[in-house]
Amino acid sequence: MAQTQDGAAPQQVQRVVVTGSLISRTDTETPAPVQVLTSQDIQRSGKTSIGELLNDLAANGQGTLGSGFSGAFANGAQGVSLRGLTVGATLVLVDGHRIAPYPLSDDSQRSFVDVSNIPFDAIESIEVLKAGASSTYGSDAIAGVVNIKLKKNLTGTRFSAETGTTQHGGGDTHKASFSTGIGDLDNDGYNAFITAEWRRQGDIKTSDRDQFMWDNADWRSRGGNDLRLGVPSKINSFLTATSSPFLYNPAGTGGVNNAANFQFLDPSACNYTKYMAGGCAVRDTTTNIQPATENINVMVGLTKKLNNDWELAFKGSMFQRNSINNRGSSYPTTGTFGAFMPSYSPTTVPGNTSLNNGVLVTQIGRVPSTLIPATASYNQLGAPARLYGFIPGMDPVSTIDNTAKTTRFALDLHGNAYGWDVSAAAGVTETKLDLKYSGYIDRSALYNAIFNGSWNPVGGNAPALVEQVSPHFSNSLDSKLNYIDLIGSRDLMQWGAGPVALGAGVHWHKRQQNAPASPLTANGQVASTSAFVIGDETNSAIFAELQATPIKNLEVGISSRYDHFDTYGNSFTPAAKFKWSPSKMFGVRGTFARGFRAPNPAEVGNAGSFFTFNAINDPVLCKDGNQYTAGNVPSACGINPPYVQVTSKDLSPEKSKSYTLGIIVEPVKGLNATLDYYKIEVRNQIVTAAGNDPNFFPDFVRGPATPVDIATGNGTDTVVGTPSVGPVIYAKSPYINLGGTKTSGIEADVAYRWRLPSDMGLVHANLSASHTFSYITEAAGGVTYELAGTQGPSVVSGATGSPKDRAQFTLGWNRGPLDVTATMNYTSSFSTMDPSLGATDCASTGLDVGGRRYFQGKDQPGVYCDVRSFTTTNLNVVYKVSPNLSLKGAILNLFDRQPPIDVATYGNAGNQTAYNASLHQAGAVGRFYSLGLNYTF
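Rendered as structure tokens:
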């Protein structure tokens, strides 16, 4: 029977081109540190998606984008952030070439490639270059490069299937793949194959994990506030949407302490006594800790040998991912923080703000007063009343059904002409998003229906009326990137102890991003304008590399690249490297590289977005930060003010210098170790002014002043009054070139293989560990902040945090048909403070950094000043029953470690959850079991 074969395996040593170089070599231990994950490593991980696999890289750091951050601008997608310099500073390639980035940018700014929809079975290997590489690849390769190499050829037929589930509920995962290929490249002169993969992963809701402390919104036993939905407290002035809609008379005697001021519209669900005792709490059964996803992937390949050792290869692929996400946040005037369902607006609707072609229009759909008239048929209070409650018949807040389809058609031609090894390539790539929206409210339509009596606040409304109030709508976004590459290399002459080799090439790509705002947010009908990017760029470049061995055992190289972008101008990036191996057991290596990141369409094109990050106290309406100081407006304390992100046409590229210096040790057979120091300096960074420039003082635009609750100074008593100014609507925050980031650290990679005596099998061990010495950001005026080991920079990608240490240790044993692998992933503890925000008081980091109200109005206990370390262990077992059939089983998070509590991140599923989804998502998922089989024909 034919066996599955992932490419030919000649006996002779082949020359290969390693990521980061233009010149082929026989020694794959290069001057620059490169981590290689083989297809076997990937299968042994027990993971079921590439996004999960890359998230565990020791070099992956602050700014990484995972699927557990429901509030991400690019939610549903996953990106890699080497050295913690954000996804925008890590270049992701497929087969050494660029691919269209995700249409929705990270933080509506940084371009990145979504790795979540690249299938396991199509991958030959992943090479992670952990050094600057702009002299070879151009823009974005500041921190390094992730090169995902797809299968080149395949013979035989292979089928695999796998199913798994979590111990604590939700997250059922099913996967199947099929691949078949014909033709032997050496004997037949061609190879053709097709591979297909299907994967479905079920969602995990917050209600699936609310038995754990990190998913428990009641913080009273921990010295904090009760933030459960539907529970009145000082935080919400004892007025919040609950299990029954209710009316409240704000002018009644005694305020919230008088039951006569309340009318519950569904008495069977809640009454005043039960409500004030917290008995009408609502369980969140819809917010996602892990969204439901489905992947369908197909790839075809055809390789043909031509005359004179030329070879032509074609690959065509369609990778599709569907996910259903919701933002887990509520309309800002409801007083219901982190609500899972849309809520009524009890006092006013300030209206939405639209942003089109740089023009801001405020108060769209404004309703000055939402008080229910005393004449309303269901108002029995005898006075105008506020309506609190969740709007019935609605989908979860800001639900997006997201289908991302990436297509790629690539031609590669390899051969030899006139002494040159020549590689020519061309590709057409596109990522298209089809988005379907629900859970948005047209509040003008809602209150028109309420006031004309056609809307029943309790429910039972006609579907047509529900659709009018909460319309379903859709949008299509598109990102295209087409490229041409031509590279040649050859030996020029003999010099010293070896040849002088030259590699040179040209590159061209055109990128187009057409990601308009969704139609009903562009006009402000249901929300303020959603993030949008419309723009393009054209890049042409020439580059070259020289490599020589001037003396025995010393390899040196220089390279440079000249890029022209039509968006800003030119960049020149040189680099140098060396490797000295005085013996087979020891070597020294090092690199120096300049790099750059070109301003992208989201920063200089027709683009914009609205964003929030930390919490502040309204400088006018809550001057001292105390909700109940006389004259303060309680709802204006601890607010998350909206900022409008606007582009800047005259931005310069970010520039970098990076260094690596390391040793290579092979003291005994089977043991290989590398230890590399790295230092990266990025200057002229493109950042938003808010949260980055200490000299930036937001010029808040406010809405009209309307009657609200104002503190009397007598305990928690309030009176209705009209404050001196209205609520904050927005402040503009432009992109600026400002300061920079300096990071340094050390990384170790150790691999050891040894055969046990008496034919007891083969043991293999691998350790990849990274330690950050410093992570310094520089602000205006040269002011610097040390962020290594802190939550900062929290303004980036959901406040991921910057732990100093990450490590991955893999220990495996195989004997005969049995292969067992255990993988341990470690992330060190870090502080919840962010000095770059001025958030250095442990008593309030939850509010100051993450905008979370766990301890608002109280001193946060010192235990929450740090996020404890986190270690998970994964176990993968494969048993080969016959030459054709293999069975596998895996347990991820073997010891069911729960994620540590992180009060200062906002990068998770909302206020109910207090964990870091980028670093500790495996803990939130919990123990996961899977079983599968592989069969070859």
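Residue numbers for the sequence shown follow this note's numbering, beginning at 168 and rising by one. We put the CB at the ideal spot given by N, CA and C, even for glycine.
- The DSSP assignment places 610–618 as complete runs of the alpha helix (DSSP H) inside the stretch 595–629, in order along the chain (cut-off: 4 residues).
- Per DSSP, reduced to three states, the secondary structure at Q794 is coil, with no helix or strand assignment.
- Straight-line measurement puts the Cα of P1066 at about 36 Å from the Cα of F640.
- When DSSP assignments are scanned along the stretch 665–704, the uninterrupted stretches of alpha helix (DSSP H) that are 4 or more residues long and fall wholly within it turn out to be 686–689.
- Using a 10 angstroms sphere on the CB of I217, the tally of other CB atoms reaches 16 or more, which defines it as buried.
- In the structure shown, H1087 falls within a helical segment according to DSSP collapsed to helix, strand and coil.
- Apart from sequence neighbours up to five positions away, the residues of its chain that approach R367 with a beta-carbon distance below 6 Å are H341, E461, ordered along the chain.
- If you look at M660, you'll find it in the beta strand (DSSP E) that goes 640–662.
- The continuous alpha helix (DSSP H) containing G1013 extends over residues 1012–1015.
- G311 places its beta carbon 8 Å or farther from that of T910.
- Within the same chain, Cβ atoms closer than 6 Å to the Cβ of G213 are found at N1041, N1043, A1057, L1059, the five residues on either side in sequence being excluded.
- Apart from the 5 residues on each side of it in sequence, I290 sits with its Cβ closer than 8 Å to the Cβ of S206, I209, I217, I315, K316, L317, K318 in its chain, given in chain order.
- Taking the C-beta atoms as reference points, I830 is found no nearer than 8 Å to T814.
- Spatial neighbours of K647 in its own chain (CB-CB distance under 6 Å, excluding positions within 5 residues in sequence) are listed in chain order as A267, E597, Q679.
- If you compare the alpha carbons of S738, F710, N416, I456 with that of S727, the shortest gap goes to F710.
- Following the DSSP letters along the chain, one finds Q812 inside the beta strand (DSSP E) bounded by residues 810–813.
- Residue pairing for V184: DSSP places it in no beta bridge.
- Between S565 and S695, the CB-CB gap reaches or exceeds 8 Å.
- Around the C-beta of L923, fewer than 16 other C-beta atoms lie within 10 Å, and the residue is accordingly described as exposed.
- In the structure shown, P200 falls within a coil segment according to DSSP collapsed to helix, strand and coil.
- Non-local C-beta neighbours of S643 in its own chain, meaning closer than 8 Å and more than five positions away in sequence, comprise K599, L600, D601, L602, ordered along the chain.
- In the displayed model, G912 falls within a strand according to three-state DSSP.
- In the assembly as shown, G948 is an exposed residue. Its beta-carbon has fewer than 16 other beta-carbons within 10 Å.
- Within its own chain, the residues whose Cβ lies closer than 6 Å to the Cβ of G350, once the five positions on either side in sequence are excluded, are Y357, N358, A359, listed in chain order.
- Taking C-beta atoms under 8 Å as the contact rule, P984 and Y1046 qualify, at a distance of about 6 Å.
- The alpha-carbon separation between S750 and L721 amounts to approximately 11 Å.
- In the three-state reduction of the DSSP assignment, N425 falls in the coil class, being assigned neither a helical nor a strand state.
- By the CB criterion at 8 Å, V963 and S891 fall outside the cutoff.
- One Cα belongs to A629, the other to D568, and the distance between them is close to 24 Å.
- Here S272 is near F240, since their CB atoms are less than 8 Å apart.
- P741 is bridged by DSSP to S727.
- Around the CB of K1055, 16 or more other CB atoms lie within 10 Å, so the residue is classed as buried.
- With contacts defined as CB atoms closer than 8 Å, T1080 and I361 fail to qualify as a contacting pair.
- The beta carbon of P399 lies closer than 7 Å to those of F405, L406, T407, Y442, M443 in the same chain, with the five residues before and after it left out.
- Between N933 and V917 the beta-carbon gap is near 7 Å, inside 8 Å, which marks them as a contact.
- Burial is judged here by how many other beta carbons sit within 10 angstroms of a residue's own beta carbon; I539 has at least 16 and is buried.
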